[in-house]
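Colleague: First the structure, which I've put down as structure tokens, then a few questions once you've had a look.
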Amino acid sequence: MQVADYVGPVVGAVVFVLIMARVREPARRHFNAIVVAGSAGAYLSGGGFGPWELLYAPAGLTAAYLGLRSYPMIGLAWLMHAGWDVLHHFYGNAIWPFMPTSSFGCMIFDAVIALWFLAGAPALSSRGATAATSR
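Counting from 1165, one number per residue, gives the positions in the sequence shown under my numbering.
Encoded structure:
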């Protein structure tokens, strides 16, 4: 693996946080719950685990649904997805077939943004802040 396999996902995650932190509440929480729900199906079309791929989707969707009201649940959903990325990196198929380390990079990206969500996805400026950010 190259240095870019580590640095690229971290930079991408920081950019994601900087952009998302500017979105006003409650749109920020709702949008991110929808995004993490979509990630639950990322490997369904050929992750390499056959019918076992179907087990993660309902668990990820449940955490995402609970994330509509809770940033820590969105963080948990991203950590769950990061765990799925690790399994695919070592034992399954990469999320992007043309990039063998893509599942590894996805794991790093997901883990970094999960930390922000577990911290309550705080606004980094007054533009994205409302009373709802403390939830």
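All C-beta atoms in this analysis are idealised placements derived from N, C-alpha and C, irrespective of residue type, glycine included. Small disclaimer: the values here were computed from a predicted structure and weren't measured.
Any idea what DSSP makes of T1226, helix, strand or coil?
Modeller: By one-based count along the sequence shown, residue 1226 stands at place 62. In the structure shown, T1226 sits in a helix (DSSP, three-state: H, G or I).
Colleague: Specify whether the segment 1222-1230 and the segment 1187-1203 touch according to this definition: at least 3 beta carbon pairs, one from each stretch, less than 8 Å apart.
Modeller: Contact holds: three or more Cβ-Cβ distances are below 8 Å.
Colleague: Sort R1186, R1188 and W1248 by Cα distance to S1152 and report the nearest one.
Modeller: Outside the displayed range of the chain (1165 to 1299) lies residue 1152, so it cannot be described from this structure.
Colleague: Let's test the definition: count the other Cβ atoms within 10 Å of the Cβ of P1173 and tell me whether it reaches 16, buried, or not, exposed.
Modeller: In the sequence shown, the residue the question calls residue 1173 occupies position 9. Classification of P1173: buried, given that the 10 Å Cβ count is 16 or more.
Colleague: Apart from the five residues just before and just after I1272, which ones in its own chain have a Cβ nearer than 7 Å to its Cβ?
Modeller: Working through the sequence shown from its first residue, we reach residue 1272 at position 108. Here the set comprises Y1170, P1173 and V1174.
Colleague: Distance check for Y1235 and I1302, CA to CA, integer angstroms please.
Modeller: Nothing can be reported for residue 1302: it is not among the residues displayed for the chain, which extend from 1165 to 1299.
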